[in-house]
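Chains as they are written, first to last, in numbering that gives the first Met the number 0: chain R, 0 to 368; chain W, 0 to 368; chain D, 0 to 330; chain Y, 0 to 330. Idealized CB from N, CA, C, for every residue including glycine. Here the structure comes first, spelled out in structure tokens, and everything after it is commentary.
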Amino acid sequence: MPAELLGVFGKGGVTKKLPVPVLTREELLGLHRNMVRTRKLDERGMKLQRQGRIGFYVPSLGEEAAQIGSAAVLQGSDWVSPSYRQPGVALARGVTPVEMFDNCFGNSGDAAKGRQMPVHYTFRSRNFISIGSPIGTQIAHATGVAMAMRIRGESKLCMTYFGDGATSSNDFHTGLNFAGVFRAPCVFVCINNQYAISLCVTGQTSSGTIADKARAYGMPGMRVDGNDVLAVLAATRLAADAARSGDGPTLLELFSFRMGPHSSSDDPSRYRSKEVEAEWAAKDPIQRFEQWLLAQNTFSASELAAVHTAAEEEMAEAAKLSEAKAPPSKDTLFEDVYAVMPASLQRQQAALRAEGDAHAQDRNAAFPL
Amino acid sequence: MPAELLGVFGKGGVTKKLPVPVLTREELLGLHRNMVRTRKLDERGMKLQRQGRIGFYVPSLGEEAAQIGSAAVLQGSDWVSPSYRQPGVALARGVTPVEMFDNCFGNSGDAAKGRQMPVHYTFRSRNFISIGSPIGTQIAHATGVAMAMRIRGESKLCMTYFGDGATSSNDFHTGLNFAGVFRAPCVFVCINNQYAISLCVTGQTSSGTIADKARAYGMPGMRVDGNDVLAVLAATRLAADAARSGDGPTLLELFSFRMGPHSSSDDPSRYRSKEVEAEWAAKDPIQRFEQWLLAQNTFSASELAAVHTAAEEEMAEAAKLSEAKAPPSKDTLFEDVYAVMPASLQRQQAALRAEGDAHAQDRNAAFPL
Amino acid sequence: MTANTGTTVMTLLQALNLALTEEMERCEDVVILGEDVGRAGGVFRTTDGLQAKFGEARVMDTPLAESGIIGAAIGMALYGLRPVAEIQFSDFIFPAMDQIVSEMAKFRYRSGGEFTCPVVVRAPSGGGIRGGHYHSQSPEAYFCHTPGLVVLAPSTPEDAKGLLKSAIRGADPVIFFEPKRIYRTVKGEVPNDPDFTVPIGKARIARAGKDVTVIAWGAMVHTCLEAAEKAARNGVDIEVVDLRSLVPLDEVTVLDSVRKTGRVVVASEATRTCGFAAEISALIAEEVIEYLQAPIVRVTGYDTPFPYALEHVYMPGPDRVLAAVHRVKTF
Amino acid sequence: MTANTGTTVMTLLQALNLALTEEMERCEDVVILGEDVGRAGGVFRTTDGLQAKFGEARVMDTPLAESGIIGAAIGMALYGLRPVAEIQFSDFIFPAMDQIVSEMAKFRYRSGGEFTCPVVVRAPSGGGIRGGHYHSQSPEAYFCHTPGLVVLAPSTPEDAKGLLKSAIRGADPVIFFEPKRIYRTVKGEVPNDPDFTVPIGKARIARAGKDVTVIAWGAMVHTCLEAAEKAARNGVDIEVVDLRSLVPLDEVTVLDSVRKTGRVVVASEATRTCGFAAEISALIAEEVIEYLQAPIVRVTGYDTPFPYALEHVYMPGPDRVLAAVHRVKTF
Ligand SMILES: Cc1ncc(C[n+]2csc(CCOP(=O)(O)OP(=O)(O)O)c2C)c(N)n1
Ligand SMILES: Cc1ncc(C[n+]2csc(CCOP(=O)(O)OP(=O)(O)O)c2C)c(N)n1
Ligand SMILES: [Mg+2]
Ligand SMILES: [Mg+2]
């Protein structure tokens, strides 16, 4: 039954307990480390924005378990079709914080050549698809990637991430419908953080749960405690195994809470209460995982604390490196529109070169949203 | 359980029998008469096309029960947001065959002023919304109409019709999702005739049934034997009562079969077998209803046969009247783009008036699709 | 601010909020729908306070689907309401493109005038807020190329209020582009009269001049005015025509100005190829070419997606307008 | 038809089918998807026989959702396939507008060249088949205004084959408009060589002439050629430029012709305001106005939705082209 909430830790309204996934000590520490790194990356990102050093940031605060638990089942040759709120998935794929901050600073080191807003990453070598802002579009791309894998007869999968708001989009509907029809090896991960900017998920859809929507596309749906990293991992593994073995797609709903603002431009106090924030602060996915780890008696508190310190330093150092890089050159403005620059763009580029840089503005003015 | 097939006649794979709706003899005859009129209208329309008198036609052959049974629960003040395959619903709303053929001939009597292809009707005085060709768009309009009814606090409903193919459209998804969220008094009638041009519904979606999709939007779904006019009527009445009493929308799947071609341009032999056609010919909704009526022993075979003859004559007469009408005037080309004709269109109109009619073509060339 | 006479100085954003408030007060059929427009008052705060004042039935926070927003708004309008739909950024109007192009624009025509859908679609547009690819575009040309739609693009608080009110009261579907980068920076006198409206289809001479005609709309008008001030110091007298209404277009004002100056620059933030600036050029080249003493020069965004780090390079500033003016002046 | 040299006479439709067949034979990554393209071979029969030949995995009948067709095609292309997506009628491209404008067109740029999506979108377009509002439109301008897209519009069987093959082999996303009304009526010699391609970005002088330049694309080229024959009988020598490729545009050929004749007509079926004809006018008015001896006249569809009963009145025929030629010739 999709409506069940699956968990390992067994708190937070879980109605069905999943078996604890079998993981090595190293693997458990790896999950913990990446969750903490995600948290620290986001904190650094928000700080850079508050200090006016970058123009915009989108934190994933509170969604670390959902990201790291799901990404843990990915193999190197799998693909990811993400939204803007999965920095943790990028970290789990081996992306360095410097690569990410290069994007946030829009500097010459940025793989996207400074062309997009902060947090719109692209990491080709990690099969991490370029992120756009429009909500939901990446879902249909994931279906296409997975259809291509199937056409080629490969045993890979594409994992796509999106929010509760995105379930209302056109591309959620067509992406899942096509995947169902073509049995595409796709794992659809909805991180239900309960808000689409100001709209609570109860105003987003009258569906009982997001997982319920799977049925409309003839695929299984699972609703998982998204703040329980082991439950996320266990459930995603089931979905991934199904995809790889030709059993088609799955819709996962990772039920969580967006602990921070929607973005650096957002003020959640306009639309939600301190009470609900406090309630969910108590369910912080990192704390819950640390409590569980400590309860296993094979991990020490100081060992875990050291992870926090190291991650903090890693992010501070990365930000410093990125900030030092030069902005992209003006010529990059005209490149990559087409494979070969057409005559019209060559002319536009020549005209710009002839111009002065008379009307330069402050690069780091804040984005108002 | 949405997956059940509901019926009154109790054939055709029905898994749950509905009680026979309580109807007067007159009402039963009315249903029969409108089903036969729909059949005869379509036969005449196809004939006119085959004879090259009109350019295109879309028959609803086999879907008479679905149309007439559902439309029977509508009240005059309710609205209909139709697709191109509901001529029977128009007839049930009191539209005359002449009004419809005027559209098919694209003549000066056509309410749409000859601007649209055949079967793209508009009947404002019957709250029957203008039909467009894009698949699915009318579903979202229906939601909007119903939302407006609710905003105004009225106890009316909007009934919208669409095919199995349309369930894949963007507007099916947003139309039903908005209706679920805003509890719009809308009845979503999917006439599942099992084909979207050449694509069988099994290739359209992996959902077990269309009715199953209701759950994704938090509304009830019912799957009904669409060739059983009394079952259609009974189920639609439930949905209509729910809408009128503030209980929100319902998705009805009327399971039927498109007995004819997709349109006058289509050749079904390219994609389906004679066997499947024969199987469904045996389930002809008019024959099934007549068998039931005769079994009640209050209707005679000659009484029913007379209905056929009268309808045949009615349609032949109507076609003759419509064919005699003049084409629309050239000035209509520029009217109704805006409420008031802007200067640019006035100029374009003046330029045309100055021109000759040198390159007139045959008005009745056939549309190739 | 409540007197029916006189004016009040306010921002463009305040003028829009006031227009919405007045129209909702005037007529019960006016309703608002969109993402985050209710409880949060809009991400730009354009609809701030409206849900509190008029209730959830009339100010609706919708699910995240522009096609649904416009599709539902069309249905409401067919039924008789006067929906004002917000598209959070004009960049996000494309999921609704089918409903706009295939349905909203064509309903009146295809139904022989039986069904009309006077929906007003408000869409903050344009660059200058460091929004990158998807929070900066100026997509007006797509809609100008779609018969049946009215396309408006005000540049002042007064016009913003007056045109939005005309749009809501009018009988046609309207795409109303709001120049978001000057939401708060441009202030101006706005008539208090709740029946003050600005007629659709009339351009405005934002600055009279005799040497060169510069044609613009939306936020770009201010860039051109800035250029005009600079040019004046060099003895070049620029006439700035603020179109305000792209469709229907005030051809008379445009062509009269060109006949007077014989030299034209068309300035627009949008990408160059097939932008609305091309339409203005084409119109002039067809109707009054004999008055021209120089090429018709377009100053536009480049034919690339809208960039982030190099936004200040991408967007046409006063200097680029002046370079074009120089070219047509010295041809 | 299998020899690698010489030509075969065939219809435009056959040329397209042949191009698809050859490219699918050449490269396993080429796949086809769309509504009714498989089992039924396409509603126009353009993909006839391909599913039988290449299997269901490579010729896919999709659910009824253009946004899904393009969205999935993008994903396939990102991954390395070469999808050719069919939009059954170009009028139905609008549900996919967001995927095309926001995603397909921008992927290369926004990823710094890391991700590309060379999807070919085939879309039968234009009027003349009595298809009314929704089976007749010519929406090329929407895509020409979208940087990142290549926009093609062939008018002959040879170009149809050669350009479609170039599109499939190329590295950019392409919107490929097929002139459906001449699918079967226009026949021509088509090279047999399976490596014959027509370069993207080169116009074609469909008829050389010295008095007036008439610029067109797609089915309209034939209307203009017809007009040119009539004009020749009256001693007016028209040069017809068939653009073939709208983006990138062969500006050199266009401008050279205008420099030569000094008189221009731009002819297009699409609605007038902001159509691609406006872009051509604007380009000419900006680059070579000094050569012009007359206004640049556009001959276009009217600014109305596409009608049914009056289609023959709506569509620009040879006479309307000739009237424009007369105007520029006698100015
Ligand atoms: C098509 C589209 N419409 C509107 C927006 C503006 N917008 C940005 S994020 C967002 C909410 C997204 O909510 P959800 O899908 O739940 O993801 P979350 O931000 O919670 O991770 C909105 C409306 C957008 N980016 N794209
Ligand atoms: C958006 C769109 N895409 C494609 C088409 C072409 N087309 C016309 S009818 C049709 C099939 C519709 O099938 P279904 O919804 O089941 O309705 P039915 O015709 O069976 O009543 C298609 C693909 C269209 N009209 N609109
Ligand atoms: Mg969310
Ligand atoms: Mg069907």
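Flag residue i as yes if its beta-carbon sits less than 8 Å from any beta-carbon of chain D, otherwise no.
| i | result |
| --- | --- |
| F161 of chain W | no |
| H119 of chain R | yes |
| A281 of chain Y | yes |
| A141 of chain W | yes |
| I138 of chain R | no |
| A350 of chain W | no |
| R114 of chain W | yes |
At which residues does the alpha helix (DSSP H) containing residue i begin and terminate?
| i | result |
| --- | --- |
| K164 of chain Y | 156–168 |
| P317 of chain D | 317–328 |
| D255 of chain Y | 250–260 |
| E228 of chain Y | 219–232 |
| C157 of chain W | No alpha helix (DSSP H) contains C157 of chain W, which is instead part of the beta strand (DSSP E) from 157–162. |
Check whether chain R comes within 8 Å of residue i, counting only Cβ atoms and requiring the distance to be less than that.
| i | result |
| --- | --- |
| M0 of chain D | At M0 of chain D the pLDDT is 45, less than 50, meaning the model places this residue with poor confidence and gives no usable figure here. |
| M109 of chain Y | Per the sequence shown, the amino acid found at residue 109 of chain Y is Arg instead of Met. True, the Cβ-Cβ gap to chain R drops below 8 Å. |
| T249 of chain W | no |
Check the Cβ-Cβ distances between residue i and every residue of chain Y, and say whether any is below 8 Å.
| i | result |
| --- | --- |
| F366 of chain R | With a pLDDT of 46 at F366 of chain R, under the threshold of 50, the modelled position of that residue is not reliable, and no figure is offered here. |
| F122 of chain W | no |
| G225 of chain R | no |
At a CB-CB cut-off below 8 Å, which residues of chain Y make contact with residue i?
| i | result |
| --- | --- |
| Q203 of chain W | P62, L63 |
| E354 of chain W | D318, R319, A322 |
Could you check which residue in the options has the C-alpha nearest to that of residue i?
| i | options | result |
| --- | --- | --- |
| V213 of chain Y | Y:V264, Y:S256, Y:A207, Y:N233 | Y:V264 |
| F288 of chain W | W:R52, W:G174, W:S244, W:G61 | W:G61 |
| C223 of chain D | D:K209, D:E238, D:D210, D:N233 | D:E238 |
| V211 of chain Y | Y:K328, Y:V100, Y:P198 | Y:K328 |
| G335 of chain Y | D:Y108, D:I199, D:I283, D:G208 | Because chain Y spans 0 through 330 in this model, residue 335 of chain Y falls outside it and cannot be assessed. |
| Y313 of chain D | R:T308, R:Q347, R:I285 | R:Q347 |
| S154 of chain Y | Y:Y141, Y:G147, Y:F175, Y:G67 | Y:F175 |
| D90 of chain Y | Y:A122, Y:L77, Y:G79, Y:V100 | Y:A122 |
Using a Cβ cut-off of 8 Å (strictly closer), state whether residue i contacts chain W.
| i | result |
| --- | --- |
| S215 of chain R | Sequence inspection shows Ala at residue 215 of chain R; the Ser mentioned does not correspond to that position. At least one chain W Cβ lies under 8 Å of A215 of chain R. |
| G207 of chain R | yes |
| A195 of chain R | no |
List the residues of chain D whose Cβ lies closer than 9 Å to the Cβ of residue i, in chain order.
| i | result |
| --- | --- |
| I53 of chain W | Result: empty, since nearest Cβ-Cβ is about 18 Å, beyond 9 Å. |
| K324 of chain R | Residues of chain D passing the Cβ test: none, with the nearest at roughly 11 Å. |
Run down chain W in chain order and give the residues with a C-beta less than 7 Å from the C-beta of residue i.
| i | result |
| --- | --- |
| I214 of chain D | Correct list: empty, because the minimum Cβ distance to chain W is about 16 Å. |
Quick one: list the residues of chain D neighbouring residue i, beta-carbon separation under 8 Å, in chain order.
| i | result |
| --- | --- |
| G105 of chain R | Y307, A308 |
| E285 of chain Y | S280, P294, I295, V296, R297 |
Name, please, each residue of chain R whose Cβ falls closer than 8 Å to the Cβ of residue i.
| i | result |
| --- | --- |
| D211 of chain W | R214, A215 |
Given a cut-off of 8 Å on the beta-carbon distance, is the pair residue i and residue j in contact?
| i | j | result |
| --- | --- | --- |
| A139 of chain W | G174 of chain W | yes |
| P81 of chain R | G259 of chain R | no |
| V189 of chain Y | E157 of chain Y | yes |
| P248 of chain W | A183 of chain W | yes |
| F114 of chain D | T121 of chain W | yes |
Would you give the residue range spanned by the beta strand (DSSP E) that residue i belongs to?
| i | result |
| --- | --- |
| K186 of chain Y | 186–190 |
Along chain R, in chain order, which residues have C-beta atoms closer than 9 Å to that of residue i?
| i | result |
| --- | --- |
| V58 of chain D | Under the 9 Å cutoff, chain R gives no residues; its nearest Cβ is about 13 Å from V58 of chain D. |
In chain Y, which residues lie less than 7 Å from residue i when you measure between Cβ atoms?
| i | result |
| --- | --- |
| K105 of chain D | H132, P304 |
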